[in-house]
Amino acid sequence: MVNQKRILQTYQKNSIGKQKSKKAAANEDYDGQKRRQTVLMSAYNCWQSLAKWREDARRNIEFVYGDQNLDTVFDQKTKRNVSERHYLRTEYGLNAGQFNIIRNAIRTAVGVYISNITLPVCIAQKEDAQYESEVLTATLHTNYRKNEIKKLVQHELETLAVLGMTASNRIFGTRNGSKDIFCDYVSPFSLFIDNTMTDPRYTDCGMVGYITDTTIGKILQVFAGGDKKRANYLRSLYANQEERVFQMIETFTDQSVEKDFFTPDMNSAQQCRVIHVWARETREGFWVQDYLHGTYDFYENGSEADFEAINALRAREQSAMGVLPDNMLLLDWEWANDEVWVYYALTPAGDVLTELVNPYWHGEPTILFEAHKFVEGRVFSFVKDLIDVQKEINQLFTTVKLLTRYSAKDLLFFPQEAISDKQSIEEIAEEYTSYNGMIIYKAKDGVPAPQHISTIQQAFSPLTATGTLFNAAERVSGIFGSLQGAAPTAGTPAMMYAQQTQNAATSLKSLFECFNSYLIRCAKQTVQMMQQCYDSERYIYDRNKNRSLKYDPQRVKDIDTEISIAENTDTPAYRLMVNDMLLQLKQYDTQNILDLRTIIDAGNFPFKEQLLDAINKREQEVQAGQ
Numbered sequence: 002m003v004n005q006k007r008i009l010q011t012y013q014k015n016s017i018g019k020q021k022s023k024k025a026a027a028n029e030d031y032d033g034q035k036r037r038q039t040v041l042m043s044a045y046n047c048w049q050s051l052a053k054w055r056e057d058a059r060r061n062i063e064f065v066y067g068d069q070n071l072d073t074v075f076d077q078k079t080k081r082n083v084s085e086r087h088y089l090r091t092e093y094g095l096n097a098g099q100f101n102i103i104r105n106a107i108r109t110a111v112g113v114y115i116s117n118i119t120l121p122v123c124i125a126q127k128e129d130a131q132y133e134s135e136v137l138t139a140t141l142h143t144n145y146r147k148n149e150i151k152k153l154v155q156h157e158l159e160t161l162a163v164l165g166m167t168a169s170n171r172i173f174g175t176r177n178g179s180k181d182i183f184c185d186y187v188s189p190f191s192l193f194i195d196n197t198m199t200d201p202r203y204t205d206c207g208m209v210g211y212i213t214d215t216t217i218g219k220i221l222q223v224f225a226g227g228d229k230k231r232a233n234y235l236r237s238l239y240a241n242q243e244e245r246v247f248q249m250i251e252t253f254t255d256q257s258v259e260k261d262f263f264t265p266d267m268n269s270a271q272q273c274r275v276i277h278v279w280a281r282e283t284r285e286g287f288w289v290q291d292y293l294h295g296t297y298d299f300y301e302n303g304s305e306a307d308f309e310a311i312n313a314l315r316a317r318e319q320s321a322m323g324v325l326p327d328n329m330l331l332l333d334w335e336w337a338n339d340e341v342w343v344y345y346a347l348t349p350a351g352d353v354l355t356e357l358v359n360p361y362w363h364g365e366p367t368i369l370f371e372a373h374k375f376v377e378g379r380v381f382s383f384v385k386d387l388i389d390v391q392k393e394i395n396q397l398f399t400t401v402k403l404l405t406r407y408s409a410k411d412l413l414f415f416p417q418e419a420i421s422d423k424q425s426i427e428e429i430a431e432e433y434t435s436y437n438g439m440i441i442y443k444a445k446d447g448v449p450a451p452q453h454i455s456t457i458q459q460a461f462s463p464l465t466a467t468g469t470l471f472n473a474a475e476r477v478s479g480i481f482g483s484l485q486g487a488a489p490t491a492g493t494p495a496m497m498y499a500q501q502t503q504n505a506a507t508s509l510k511s512l513f514e515c516f517n518s519y520l521i522r523c524a525k526q527t528v529q530m531m532q533q534c535y536d537s538e539r540y541i542y543d544r545n546k547n548r549s550l551k552y553d554p555q556r557v558k559d560i561d562t563e564i565s566i567a568e569n570t571d572t573p574a575y576r577l578m579v580n581d582m583l584l585q586l587k588q589y590d591t592q593n594i595l596d597l598r599t600i601i602d603a604g605n606f607p608f609k610e611q612l613l614d615a616i617n618k619r620e621q622e623v624q625a626g627q
């Protein structure tokens, strides 16, 4: 039998599909442009559907990190809406303060999560592929360290809690001379998703994308493909960007629209906008299994006559090479009306920078997102429930300011008959407010003594309600003082304190489980991209076991794995515990079942590789001496 490698070296990849006529090509261009405009308008509708969420998200940011007195109130005097801070300043001359309890809650939630160091672990579906799953786990961790995922995860959890949504994008490409899988953070304010989606697992999502503002040089670098003519064409698309976008927006509606989707803001006025869209489309074509090149692709522009002609040509050529009919590498095809994810990079005017069917094995968009609470197409953030309590606390402190400023705090009732001839009323007032002052008055029968009345305590009486509000904040957020490490009050039973800590951790479990689901999907997609894109052998350092593993793309590319979020063992305390346990086990090993090599290989010693090399050299010397 002729070697199949010889056949593969003999053939060049055959193009599938006939040359189209000019009329057919023109009709296809028209239909394609119409479809792209539809994609752009659908993306705009998805963007507009998140307008209310973006408004709430900006308000959440202010309550967590910014000014909590920016909500609008109606001013009866000026008959217009003004901010609470402006109203208090102009009406009462007060500079509104704020007692931020939300930020502390967010810090506590994020701190609790990152204190339990976790990393995704690959678990093979087959028992005989456990070594390959270890290789994939070590490779995934190496990629995570390269992308600084640990720092990104902390920011994404905080974004999910504050805004209610987080997103990221994974691509395979070359950056800074390194060809690898890169993870990019996607700002939720630039994200748009399918506005008809209702499934909390996002299985019914039909569109997802985001907008970016970048330089024309970066656009040419990414989309020109090394073609100077195409680079000039792309440069011309952004030559009159402002006029074209203005004309396009002008035709939408007579009402004012949000133009941020099409035009960069003032901070990015000199940059060019790119709209990245992943759309799920239904297309007719053929799924073709090419046994010669080892591919399985979907072809829209093909026909059974084309495939039969290619098979006839291959049959003649392989027969001349001595290949038996049963061993010929031909095409198998099947007609399908299939759903595919298509990626579009569009200009604000609808011009196509690039368009391609999903090239990745996982078959999903590279943009992954997560919403904290996704109920019937609406997104709710973790901090939204705390805002009302926060406003009540701020209003309480503002009330105290008003009372202490405008209420009668100290009054002296001085009978006129008791005024002495030696001191005037002005001198009495001065002595009353001075340190160690003395007032001389003539005591008379039937004339009451001067009476001092203080109401300062009444001005602070509203503060007695702060305890109730703080308790309400704890119950709403589920973050009790025990979770923050606060000392219990006198008389608090230890069992109750521990129960509060457990209840707080349980209240945050929903947020953490939601975030873990997102991390699992991110890790799963990264692993699948590694199996597809890492096409050369490499050695991967496994930090958990302090050893090097060989990544063989042929062995790992077909391994089906599950992702589990497990506690990271790459800590000094864990390594010390493992080493001590191994040494204790060795003391009870009277039959020497655990030899020296086994203990060193299972341990986490800092000099592990040097010891193993020394043992290997010693064994080789012994074998050579024999």
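In this note's numbering, the protein residues as written are 2 to 627. No residue lacks a Cβ here, since even glycine has one placed at the ideal position from N, Cα and C.
According to DSSP, simplified to helix, strand and coil, what is residue i?
{"i": "Gln99", "result": "coil"}
{"i": "Glu393", "result": "helix"}
{"i": "Val275", "result": "strand"}
{"i": "Ser511", "result": "helix"}
{"i": "Leu550", "result": "strand"}
{"i": "Ala280", "result": "strand"}
{"i": "Ile217", "result": "helix"}
{"i": "Thr493", "result": "Here the model assigns Thr493 a pLDDT of 48, short of 50, so the residue's position is not dependable, and the following value carries that caveat. Residue state, collapsed to three classes: coil."}
{"i": "Ala225", "result": "coil"}
{"i": "Thr633", "result": "Outside the shown range of the chain (2 to 627) lies residue 633, about which nothing can therefore be said."}
{"i": "Phe75", "result": "strand"}
{"i": "Trp48", "result": "helix"}
{"i": "Tyr361", "result": "coil"}
{"i": "Val353", "result": "strand"}
{"i": "Arg539", "result": "strand"}
{"i": "Asn82", "result": "strand"}
{"i": "Leu369", "result": "strand"}
Can you name, in chain order, every residue of its own chain whose Cβ lies under 6 Å from the Cβ of residue i, other than the five neighbours on each side?
{"i": "Thr143", "result": "Ile541"}
{"i": "Arg539", "result": "Tyr552"}
{"i": "Ile521", "result": "Ile564"}
{"i": "Trp54", "result": "Val380"}
{"i": "Thr254", "result": "In this predicted model, Thr254 has a pLDDT of only 48, less than 50, meaning its place in the structure is not dependable; the value taken from the coordinates is given anyway. Hits under 6 Å: none found."}
{"i": "Thr167", "result": "Glu157, Thr160, Leu161, Glu371"}
{"i": "Gln38", "result": "Gly351"}
Per the DSSP calculation, residue i is bridged to which residue(s)?
{"i": "Ile124", "result": "Glu563"}
{"i": "Trp336", "result": "Phe287"}
{"i": "Phe375", "result": "Val380"}
{"i": "Gly210", "result": "Phe193, Val278"}
{"i": "Trp54", "result": "Paired residue(s): none; Trp54 is not in a bridge."}
{"i": "Asp596", "result": "DSSP output for Asp596 lists no bridge partner at all."}
{"i": "Tyr297", "result": "Gln290"}
{"i": "Tyr344", "result": "Trp279, Leu357"}
So is residue i buried or exposed if we call it buried at 16+ other beta carbons inside 10 Å?
{"i": "Ala499", "result": "A caution first: Ala499 carries a pLDDT of 49, below 50, which makes its placement in the model unreliable, though a value can still be read off. Flag for Ala499 reads exposed."}
{"i": "Ile426", "result": "exposed"}
{"i": "Gln529", "result": "buried"}
{"i": "Ala240", "result": "exposed"}
{"i": "Arg317", "result": "exposed"}
{"i": "Phe370", "result": "buried"}
{"i": "Glu56", "result": "exposed"}
{"i": "Arg171", "result": "buried"}
{"i": "Tyr584", "result": "Looking at the sequence provided, one finds Leu at residue 584 rather than Tyr. Label assigned to Leu584: exposed."}
{"i": "Ala106", "result": "buried"}
{"i": "Ala130", "result": "buried"}
{"i": "Arg619", "result": "exposed"}
{"i": "Met582", "result": "exposed"}
Taking CB distances under 7 Å as the criterion, tell me whether residue i reaches chain D.
{"i": "Asp327", "result": "In the structure shown, chain D cannot be found, because there is only a single protein chain."}
Who are the Cβ neighbours of residue i in its own chain at under 7 Å, not counting the five residues just before and after it?
{"i": "Asp291", "result": "Leu332"}
{"i": "Gln624", "result": "none"}
{"i": "Asn148", "result": "Phe183, Cys184"}
{"i": "Pro449", "result": "Pro416"}
{"i": "Asp352", "result": "Leu238"}
Taking 6 Å as the line, does the beta carbon of residue i fall inside it for any heavy atom of the ligand ADP?
{"i": "Lys618", "result": "For the structure depicted, the ligand ADP is absent and the ligand set is empty, with no information on it obtainable."}
Short of 8 Å in beta carbon distance, which residues of its chain neighbour residue i, apart from the five on each side in sequence? Order them along the chain.
{"i": "Glu63", "result": "Gln69, Leu71"}
{"i": "Ala232", "result": "Leu221, Ala225"}
{"i": "Glu365", "result": "Trp342, Asn359, Gln526"}
{"i": "Glu301", "result": "Arg284, Glu285, Gly286"}
{"i": "Asn82", "result": "Thr73, Val74, Phe75, Asp76"}
{"i": "Ala337", "result": "Glu285, Gly286, Phe287, Trp288, Phe299"}
Taking the runs of the beta strand (DSSP E) that are 3 residues or longer, which of them lie wholly in the segment 100 to 184?
119 to 125, 166 to 176, all fully within the segment 100 to 184.
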